[in-house]
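Chemist: Position 59 of the sequence shown, counted from 1, bears residue number 59 in the UniProt record's numbering, the numbering being contiguous throughout.
Backbone N, C-alpha and C define an ideal beta-carbon position, used for all residues, glycine too.
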Amino acid sequence: MENKMLTIYGCPNSRSLRAVWALEEAGAEYDYVFVDLFKGAGRAPEFLTINPGGKVPALRLDDDSIITETGAIALWAAEHYPTADLLPADPTERAQAWRWLCFGLTELDQPLWTIAKHRFALPEKRRVPAIEDTARWEFEKAAALLAARLDDTPWLAGEHFSIADIIASHCLAWAKSAKLSLEGSTLPAYLERCLARPAAQRALAREAAAKGKAQ
Ligand SMILES: N[C@@H](CCC(=O)N[C@@H](CS)C(=O)NCC(=O)O)C(=O)O
């Protein structure tokens with residue numbers, strides 16, 4: 001079979017950074033297609049054939065099938081590039097990676113998404129601004145659990161960086177940009193450590209370059 005390039009559909013300042021970061025950690029080669037969500041490109045008919053949900057990220061595989069959902073894309077990268085060690089081989093650490101990956105995608109991501117939806121993402125008549133107070137409270141409870149875990153282990157799975165760290169640290173960066181404060185020193189230090197990884201820096205640069213090229 002012809003060896004086709006992977007293609008990631010993304011937009012800077014969105015969850016697509018998680019997918020690009022996972023591909024960079026994996027050492028994958030891929031094309032990047034900039035979907036300008038801020039100009040409605042997520043709703044364009046050509047993108048809806050890629051992801052009928054109109055959301056980024058989406059990953060086109062070399063057999064032309066599409067995966068959406070940041071968790072699924074990160075897991076795919078971890079499984080297809082095993083030498084990158086994005087999921088620990090040790091069964092105990094691997095179980096912890098699953099645990100914290102799911103925690104990030106639900107307990108951390110969802111209150112942040114609730115805040116974003118009710119600030120700007122939903123049609124105006126669907127927004128309930130008063131919900132923000134409860135979502136912040138939920139996020140703070142989840143962030144405290146994350147901090148407690150990171151007081152015990154350097155990375156969420158244990159001794160080794162994993163895709164759980166990509167999702168969790170992306171949520172922390174998102175919280176910061178939404179002006180939520182990260183209590184204590186553990187989470188800011190962890191976020192800095194995650195973002196300092198060369199793969200994270202390459203992912204940020206790749207997304208920025210794709211946007212710059214399109215404008
Ligand atoms: N659960 C999905 C969420 C993806 C998502 O909501 N992406 C946002 C950007 S962060 C998006 O494309 N929004 C455009 C829209 O909702 O129209 C994932 O984790 O991949």
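1. Tell me whether the beta-carbon of L156 lies closer than 9 Å to the beta-carbon of L172.
2. Confirm, please, whether the CB-CB distance from A84 to A26 is below 9 Å.
3. Starting from G10, trace the beta strand (DSSP E) in both directions and tell me its first and last residue.
4. Should D64 go down as buried or exposed, given a rule of 16 or more other Cβ atoms within 10 Å for buried?
5. Between the Cα of P57 and those of L195, K39, T92, G71, spot the shortest distance and give me the residue it belongs to.
6. Quick one: does the C-beta of S16 sit closer than 8 Å to a heavy atom of ligand 1?
7. Would DSSP call F38 helix, strand or coil?
8. Spatial neighbours of I131 within its chain, please: CB distance less than 7 Å, with the 5 preceding and 5 following residues excluded, ordered by chain position.
9. Which word fits I8, buried or exposed, when buried means at least 16 other C-beta atoms lie within 10 angstroms of its C-beta?
10. Please state whether the Cβ-Cβ distance between S162 and L86 is less than 9 Å.
11. For a test of your reading of the model: does the CB of G71 fall under 8 Å from any non-hydrogen atom of ligand 1? Yes or no.
12. Under 6 Å Cβ to Cβ from R127, same chain only, skipping five residues before and after it: list those, please.
Modeler: From the atom records:
1. Their beta carbons are not under 9 Å apart, which means L156 does not touch L172 by this criterion.
2. yes
3. Note, G10: beta strand (DSSP E), 6–10.
4. exposed
5. G71
6. yes
7. helix
8. Contacts found: T114, H118.
9. buried
10. yes
11. Yes.
12. H118
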